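Take 1 as the starting number for the sequence shown in the working numbering and just add one per residue. Everything on this sheet refers to the single structure shown next.
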Amino acid sequence: MSRPEKPKQMLALTARETMLQLTAARAHGDAFAAPIVVANASHADEVETQLGAVGATPQALILEPAGRNTAPAIALAALSARPDQAMLVMPSDHVIADRDAFHAAIHTALALVEQGWLVTFGITPDAPETGYGYIKVGEELASGIHRVARFVEKPKRDVAEAMIASGDHAWNGGIFLFRADAFLAALERFAPEMLASVRRACESARREGVRVYPDAEAFAASPSDSIDYAVMEKADRVAVVPVAMGWSDVGSWDALHAISDSDDITAVVAVADR
1 MSRPEKPKQM
11 LALTARETML
21 QLTAARAHGD
31 AFAAPIVVAN
41 ASHADEVETQ
51 LGAVGATPQA
61 LILEPAGRNT
71 APAIALAALS
81 ARPDQAMLVM
91 PSDHVIADRD
101 AFHAAIHTAL
111 ALVEQGWLVT
121 FGITPDAPET
131 GYGYIKVGEE
141 LASGIHRVAR
151 FVEKPKRDVA
161 EAMIASGDHA
171 WNGGIFLFRA
181 DAFLAALERF
191 APEMLASVRR
201 ACESARREGV
211 RVYPDAEAFA
221 ASPSDSIDYA
231 VMEKADRVAV
241 VPVAMGWSDV
251 GSWDALHAIS
261 DSDDITAVVA
271 VADR
């Protein structure tokens, strides 16, 4: 069903809307600014068409000349945002059934985000899944938000069962909230070569309306790394908001089947300061 020219994000797998459209709708309204979308250059027309159909015209559509994993992709967006702007980073192939719970978790996180913390959302686990990474939830910093004690790689079954039994672990859903300048400062500290390459790619970018074409040679020089490895596992002030919001990443046919039986793009949405 999903294929390179029409990845699952572009398909209507769980509702009438496509995965991309559902992601945009999740952060639409007065509390949110227009999205900054990072996508593969070959999908530009389809992304614009789908977002336009649901009234989510992006403020910038950044078209990666090549995939370099999530940390460089998010850096592209952060360099396009206002430095003091809170950025909600969402992969566009996730399902979140309880939007109100998600919005409440965002609200919980904002106070620490304004203080420069990097926040992730820990999904309340309902099974000892071995296909997800986990987050060990540490000390409570404020009501509903905790320090990240550690990130855990995708575990073996017995380890996953032990973590579930402990009650202090959450799934790592790969959704983040932080100020653009806080993320860039962390990247400068932990992955300066990556930031320098992405910055050069942005400075030499070609622009056509909302479309941004980063310089291919400069971007290709960036190390390829995930945000977890490049930043989140190394930074000091990293927090987690545990949340039960009916989440799935539709990463397998089992996940899709579970969703259907019940009622390579990252969308980055700027959260308004209000």
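For every residue, glycine included, the Cβ atom is placed at its ideal position computed from N, Cα and C. From a predicted model like this one, the values you see are computed outputs, not experimental measurements.
Is the beta carbon of residue i sitting closer than 7 Å to the one on residue j?
i	j	result
P65	F178	no
S197	N69	no
Q59	L20	no
V119	A109	yes
V37	L76	no
I145	V241	yes
V238	V148	yes
K234	F190	yes
A160	Q85	no
H28	D249	no
V137	D168	yes
A78	L195	no
I96	W247	yes
Could you tell me how far apart the beta carbons of residue i and residue j are, in whole angstroms, since I believe they sit closer than 8 Å?
i	j	result
A101	M232	Going by Cβ atoms, the distance from A101 to M232 rounds to 22 Å, so no, they are not a contact pair.
W171	I227	Actually they do not touch by this definition, with Cβ atoms about 16 Å apart.
Y134	M163	6 Å
L63	E48	Not quite, the Cβ-Cβ distance comes to about 11 Å (not below 8 Å), so this is no contact.
S80	V212	7 Å
Mind checking who residue i pairs with in its DSSP beta bridge?
i	result
A64	Reading off the sequence, residue 64 comes out as Glu, not Ala. Beta-bridge pairing links E64 to N40.
T120	F176, V240
I135	F151, A170
S248	V95
A142	I145
When we look at the beta-carbon of residue i and count the other beta-carbons within 10 Å, is it buried (16 or more) or exposed?
i	result
H107	exposed
R26	buried
W253	Note that W253 scores a pLDDT of 36, beneath 50, so its modelled location is shaky; the value from the coordinates is reported in the next line. Flag for W253 reads exposed.
Q115	exposed
P128	buried
S92	buried
T57	exposed
S143	exposed
A71	buried
V269	buried
G52	exposed
T23	buried
P35	buried
G174	buried
T18	buried
S42	exposed
P83	exposed
P214	buried
S166	exposed
P192	exposed
I31	The amino acid occupying residue 31 in the given sequence is Ala; Ile does not appear at that position. Exposed is the call here.
A230	buried
A111	exposed
Could you please give the first and the last residue of the uninterrupted beta strand (DSSP E) stretch that includes residue i?
i	result
M87	86 to 91
R150	145 to 152
V212	211 to 213
E208	206 to 208
Grab the span of the alpha helix (DSSP H) containing residue i for me, first residue to last.
i	result
M194	192 to 203
A77	70 to 80
M19	19 to 26
E233	Segment: none, E233 is in no alpha helix (DSSP H) and carries neither H nor E.
E217	216 to 220
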